[in-house]
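In the working numbering, the protein residues as written are 17 to 190.
Put into structure tokens, the structure is as follows:
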């Protein structure tokens, strides 16, 4: 292989790449031991120790994956994964209509307001709010989905909140 600095040759799906993928699947699958241990009634201290061991061992396994796959194989894996994820991102140049914008704003604000009011509702009226993880997961999914409904321009607006020098440029001014 004739690699110059800064360039990476395309990597074929050889045995090293396949072994690396297998180790990554092992890393992700090993986390299933935590809920399995909880369901089996293992004490919390042992579950915490298991979590710590998994966290550290996954870092070591990731270094092993990079070593086995090599730079080109790991770069190919990153391109594949992030290439797929980038197709899911909302388009920045998409103009969102008013109805879609209103729906997206409700989807964005409802989970935030709900989670903000939860502690106060629980202290003022205990037992009123159902404590279901499914509802909390639905709120999280709604918040994430709102970014897709609102389009890429909304994400840029949210990002601008954290840039001190950002200024509003109203292009619809009369």
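Just so you know, even glycine gets a beta-carbon here, dropped at the ideal spot from N, CA and C.
How many whole angstroms separate the CB atoms of residue i and residue j, which I take to be in contact at a CB cut-off of 8 angstroms?
i, j, result
"residue 43", "residue 77", "5 angstroms"
"residue 165", "residue 116", "6 angstroms"
"residue 63", "residue 52", "Their Cβ separation, rounded to whole angstroms, is 10 angstroms, which puts residue 63 and residue 52 out of contact at 8 angstroms."
"residue 134", "residue 118", "With a Cβ gap of about 24 angstroms, residue 134 and residue 118 do not count as contacting."
Report the residue from the options whose alpha carbon sits nearest the alpha carbon of residue i.
i, options, result
"residue 120", "50, 142, 167 and 74", "167"
"residue 85", "32, 179 and 139", "32"
"residue 156", "183, 174 and 126", "126"
"residue 154", "124, 174, 183 and 170", "124"
"residue 70", "48, 83, 87 and 91", "48"
"residue 160", "41, 114 and 122", "122"
Alpha carbon to alpha carbon, how far is residue j from residue i? Give it in angstroms, no decimals.
i, j, result
"residue 149", "residue 65", "25 angstroms"
"residue 136", "residue 128", "14 angstroms"
"residue 50", "residue 56", "10 angstroms"
"residue 75", "residue 35", "17 angstroms"
"residue 140", "residue 186", "43 angstroms"
"residue 30", "residue 39", "15 angstroms"
"residue 183", "residue 111", "20 angstroms"
"residue 172", "residue 83", "37 angstroms"
"residue 87", "residue 96", "14 angstroms"
Please classify residue i as buried or exposed, where buried requires at least 16 other C-beta atoms within 10 Å of its C-beta.
i, result
"residue 60", "exposed"
"residue 178", "exposed"
"residue 45", "exposed"
"residue 81", "buried"
"residue 162", "buried"
"residue 79", "exposed"
"residue 27", "Residue confidence is low: residue 27 scores 47 on pLDDT, short of 50, so the model does not pin down where it sits. Its coordinate-derived value is still stated next. Result: buried."
"residue 89", "buried"
"residue 170", "buried"
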